[in-house]
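As they're listed, the protein sequences go chains A and B. With the working numbering as the guide, the letters of the first sequence map in order to residues 1 to 350. With the working numbering as the guide, the letters of the second sequence map in order to residues 351 to 430. Notes follow once the structure below has been shown.
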Amino acid sequence: MHSKKDITIAVTGLNAIDSPGPGIAVIRGLRESTFYNVRIIGLAYEILEPGIYMDGMVDKVYQIPYPSSGFDAMLERFTYIQGNEKIDVVIPNFDAELMTFIKLKPHFNKMGIHLLIPTKEQFEDRLKGNLNAFGEKHQINVPKSETVYHINELEEALEGFEYPVVIKGKFYDAYIAASSEQAREFYFKVSAKWGVPIIIQEFIKGNEFNVTALGDGKGTLMGAVPMRKTFLTDKGKAWAGISINDPNLIKMADEVISKTQWAGGLELELMKEDKTNKLYLLEINPRFPAWVYLANGCGQNHPEMLVKLAMGEKVAPYKKYDVGKMFIRYSYDMICDLDKYEKISIHGEV
Amino acid sequence: MKLKKNIAISESGFVFNPETGTSFTTNSLGVAILKQLKTKTSTEGIIASIVKNYEIDETTCEKDLEDFLRILSQFNLIEE
Chain A
1 MHSKKDITIA VTGLNAIDSP GPGIAVIRGL RESTFYNVRI IGLAYEILEP GIYMDGMVDK
61 VYQIPYPSSG FDAMLERFTY IQGNEKIDVV IPNFDAELMT FIKLKPHFNK MGIHLLIPTK
121 EQFEDRLKGN LNAFGEKHQI NVPKSETVYH INELEEALEG FEYPVVIKGK FYDAYIAASS
181 EQAREFYFKV SAKWGVPIII QEFIKGNEFN VTALGDGKGT LMGAVPMRKT FLTDKGKAWA
241 GISINDPNLI KMADEVISKT QWAGGLELEL MKEDKTNKLY LLEINPRFPA WVYLANGCGQ
301 NHPEMLVKLA MGEKVAPYKK YDVGKMFIRY SYDMICDLDK YEKISIHGEV
Chain B
351 MKLKKNIAIS ESGFVFNPET GTSFTTNSLG VAILKQLKTK TSTEGIIASI VKNYEIDETT
411 CEKDLEDFLR ILSQFNLIEE
């Protein structure tokens, strides 16, 4: 029997709300590690992120500035945090923060902090607005899409599509428009929330599937678990799902990771067309999904493997997973004393 | 006509398609038919076994089985 290695891991995405960040799922995976004895540093943007207050999740929490505060503010904060903690690995869990972490990576390395995250090129290649080019570059089947920066361009862009079309925000949100009037309406709705560009995408009628996967940055798929959502929230987020056995989904994950040399966790959103059974790649989310703990339930601990890869441990890819495992989320009111809230409010750490 | 080989059928009537993650429920007769479809029994053979074990005439049974098979096909549980 080997003794577990002590390690300190910092994790963002503690917002275990109705549309949750992946942080808590990642921490649960790390807590179940058979290789590491983990100390978890939570990194929170907001002082009411539930993960700060949940028992047994984080050992210490630091509030960090939003990426919009700029690179210097983030670097200053991490210099302070690393002065208190000896963080070995950071796992960022938000799309919107990833670019800042990519820029910070060389500075993190100097501080002794390891990351397994995509490069700037990998991150930008898979942006929703670049999906067509991504498909062409890597010979991956994607739905036709067009990027629109101004309402005046919308009508012309729509001429190349048959209705219905999907109107998507650059980060989040997607609406199905059955007419040009609806497309205009959704353009304004999405651009008001997420800014431009918005993406017009061919509507594929079929079933959606998702895959949580991990790449080693050298082209090897280290693990992958496909899932079908069985219950959705009003925001279209998975509230329940089930692991499935479809080799084509794993093959798609393998292709994406080998062709892009992806480093770190990712989620593939895929659509299988009813008529043709053809698989389309809709999106690549550049981090673990909030449901990544299902992979643990299926026998693949992706967060643990990410840490091992980041730390340069030798690891063999997962080849098997359990099919027919379900996850179901639930809401739960925690009763909290004021002291933690007070400390994080006043000191920015607790 | 044959049931897709990876379809899981439990005695309770719970049917699970691991390829799509979809699940269904059926009664004991449905389970019996699905089990026979797993081994590629002919529809004539299925009708004969139902008529033998249940109080039903052959014509009604044939019609009902046809409906049931159509539903299975719609749910993508039958091999093409």
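Built from N, CA and C at the ideal position, the CB exists for glycine as well.
Between residue 10 (chain A) and residue 41 (chain A) a beta carbon distance of about 4 Å is seen, short of the 8 Å cut, so the two are scored as contacting.
Under the three-state reduction of DSSP, residue 39 (chain A) is assigned to strand.
DSSP places residue 375 (chain B) inside the beta strand (DSSP E), whose first and last residues are 372-375.
Taking a contact to require three or more Cβ pairs closer than 8 Å, the stretch 262-274 of chain A and the stretch 112-128 of chain A qualify as touching. In the three-state reduction of the DSSP assignment, residue 99 (chain A) falls in the helix class. A Cβ-Cβ distance of about 5 Å is found for the pair residue 227 (chain A) and residue 210 (chain A), placing them in contact under the 8 Å criterion.
Assignment of residue 69 (chain A) by DSSP, reduced to helix, strand and coil, places it in the helix class.
For residue 355 (chain B), the closest of B:422, B:388 and B:426 by C-alpha to C-alpha distance is B:388. By the neighbour-count definition (other C-beta atoms within 10 Å, threshold 16), residue 280 (chain A) is a buried residue. No residue range can be given for residue 329 (chain A), since it is assigned to no beta strand (DSSP E) and is classified by DSSP as neither H nor E. Look at the stretch 236-268 of chain A: the residues with a C-beta under 7 Å from a C-beta of chain B are 242, 244, 245 and 246. It is roughly 28 Å from the alpha-carbon of residue 63 (chain A) to the alpha-carbon of residue 296 (chain A). For residue 305 (chain A), the enclosing alpha helix (DSSP H) stretches over residues 302-310. Taking each of B:383, B:361 and B:362 in turn and checking the Cα distance to residue 427 (chain B), the smallest one comes out for B:383. Per DSSP, residue 257 (chain A) is one residue of the alpha helix (DSSP H) stretching across 247-260. For residue 314 (chain A), the number of other beta carbons within 10 angstroms of its own is below 16, and it is reported as exposed.
Contact between the stretch 355-370 of chain B and the stretch 234-253 of chain A is present: three or more C-beta pairs spanning the two stretches fall below 8 Å. Between residue 187 (chain A) and residue 204 (chain A) the beta-carbon gap is near 20 Å, outside 8 Å, which marks them as no contact.
Residues of chain B whose Cβ lies closer than 7 Å to the Cβ of residue 207 (chain A) are, in chain order, 370. For the pair of segments examined, the stretch 121-137 of chain A was found to touch the stretch 283-295 of chain A: the number of CB pairs separated by less than 8 Å reaches three. Of all residues in the stretch 302-332 of chain A, the ones placed with a Cβ closer than 8 Å to any Cβ belonging to chain B are 323 and 324, in chain order.
If you compare the alpha carbons of A:13, A:2, A:213 and A:291 with that of residue 258 (chain A), the shortest gap goes to A:213. Interface with chain B (8 Å Cβ-Cβ cutoff): residue 230 (chain A) is included. As computed with DSSP, residue 6 (chain A) is found in a beta bridge with A:37. Judged by beta-carbon spacing, residue 97 (chain A) lies beyond the 8 Å limit of residue 65 (chain A), meaning their Cβ atoms are not closer than that value. Beta bridge pairing from DSSP links residue 202 (chain A) with A:165. In summary, residue 8 (chain A) is buried, with 16 or more beta-carbon neighbours lying within 10 Å of its beta-carbon over all protein chains present. Residue 176 (chain A) is bridged by DSSP to A:166.
Ranking A:194, A:336 and A:22 by CA distance to the CA of residue 55 (chain A) puts A:336 first. Taking a Cβ-Cβ threshold of 7 Å, the residues of chain A close to residue 366 (chain B) are 324, in chain order.
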